[in-house]
Structures are given as C-alpha cells and as structure tokens.
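Have a look at the structure below, then the notes.
Residue numbers (my numbering): 3 to 169.
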C-alpha cells in the first residue's frame, strides 16, 4: 500500500496537475466543511459500501447529501448495501475513516472496488479530495481525475443517486 507522499509523487510522474494544501486533521464532513482552504472546488463525501454478494463501491457525492442507500443499491443492481467497516476500509485501501477518496483506489490493485460518482457533481470543474491522509486536501480538475482513475484501472461510472427523504 502506498501513502500520501507516494501518491503525490505518482501524480507528478503521470503529469497530473494538482494543488495541495496541508491543514489540521479532519475526520468527517462537518470538520471538513469548517476548514478554511485556499483551494477552490467541490468538497465531496466519499463512502465505501459493500453488498452481501461481495460487491464493493466507493461512492462519491456532494458534501451535504444524505444518500438513500436502498435507492443506491437499486441503481447499482445490488440487493442491499451497507457501510464497510473501518478495518475493511484500511485492509482494502490503506486509509482510515476520514481519509477516503477516489485516490485511495490506487491501493486497490485487485480492482475489487467500483468507483461510482453522483451525477449531482457532473457540473463541477474541480474536486477537492484527501490524498490518502486527512491532514491535506488536493484540488484536481474533473478531467484530470477521470484520466488518472482510468490510468489506475478505476474508470468512474456516473449515476443519478437519490437523497434520503427528510423525516
């Protein structure tokens, strides 16, 4: 498994333009939203979901959207999805909760995890993600993200993902 520094080196070697900013550690979307960053772009929520058939999905959505996991399961032709444990996250992708992003798929050499991005992000030109470590954020253009993900064998699929209805 590679870490933050190796990932940043890999991005540079692949000539993927990005900006990186160090900051205090954040462990959830509320803490991330409170960060004052000089980087511009869409802050994204990243979830590792699994089904009983062994399917694994890294789902990326908007920062404030609460996904309807049952509806997402139907969209992805899965019977039932649940959140992967912190241990499973670390064993599969080498990251701890709060550090997950599509960039962690660089550690999924078996290509077990499918990358799914919410159509609500389709209009965004720049995305903000943690580079395997929640003490930094990097900005990547949508095109550069897609190109890098294809390069590592994890081309994203884009889907309309439903939000949970307010109670």
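Every residue gets a Cβ at the ideal spot worked out from N, C-alpha and C, and that includes glycine.
Beta-carbon separation (whole angstroms), residue i vs residue j, contact threshold 8 Å
| i | j | result |
| --- | --- | --- |
| residue 53 | residue 80 | 4 Å |
| residue 91 | residue 50 | 5 Å |
| residue 139 | residue 23 | 5 Å |
| residue 135 | residue 45 | About 16 Å; that fails the 8 Å criterion. |
| residue 83 | residue 71 | 5 Å |
Pair within 8 Å by beta-carbon distance, residue i and residue j
| i | j | result |
| --- | --- | --- |
| residue 117 | residue 99 | no |
| residue 28 | residue 39 | no |
| residue 150 | residue 13 | yes |
| residue 43 | residue 65 | no |
| residue 102 | residue 20 | no |
| residue 62 | residue 146 | no |
Range covered by the beta strand (DSSP E) that runs through residue i
| i | result |
| --- | --- |
| residue 64 | 58–64 |
| residue 129 | 128–131 |
| residue 138 | 138–143 |
| residue 107 | Element bounds for residue 107: n/a, residue is neither H nor E. |
| residue 44 | 44–53 |
| residue 72 | Where residue 72 is concerned, there is no enclosing beta strand (DSSP E), although the alpha helix (DSSP H) it sits in stretches over 71–77. |
| residue 85 | 83–85 |
| residue 28 | Where residue 28 is concerned, there is no enclosing beta strand (DSSP E), given that its DSSP letter is neither H nor E. |
Residue i versus the options, residue with shortest Cα-Cα distance
| i | options | result |
| --- | --- | --- |
| residue 129 | 13, 148 and 97 | 148 |
| residue 48 | 126, 69 and 152 | 69 |
| residue 120 | 164, 17, 26 and 109 | 164 |
| residue 108 | 153, 159 and 25 | 153 |
Through-space distance from residue j to residue i, alpha-carbon basis
| i | j | result |
| --- | --- | --- |
| residue 1 | residue 137 | Any property of residue 1 remains undetermined from this structure, which presents the chain solely from 3 to 169. |
| residue 106 | residue 3 | 10 Å |
| residue 60 | residue 41 | 24 Å |
| residue 58 | residue 161 | 16 Å |
| residue 123 | residue 74 | 16 Å |
| residue 11 | residue 112 | 21 Å |
| residue 55 | residue 155 | 22 Å |
| residue 144 | residue 127 | 5 Å |
| residue 157 | residue 87 | 24 Å |
| residue 159 | residue 25 | 30 Å |
| residue 110 | residue 15 | 19 Å |
| residue 67 | residue 76 | 18 Å |
| residue 166 | residue 89 | 26 Å |
| residue 125 | residue 85 | 27 Å |
| residue 32 | residue 133 | 18 Å |
Start-to-end residues for the alpha helix (DSSP H) that takes in residue i
| i | result |
| --- | --- |
| residue 8 | 6–15 |
| residue 90 | 88–95 |
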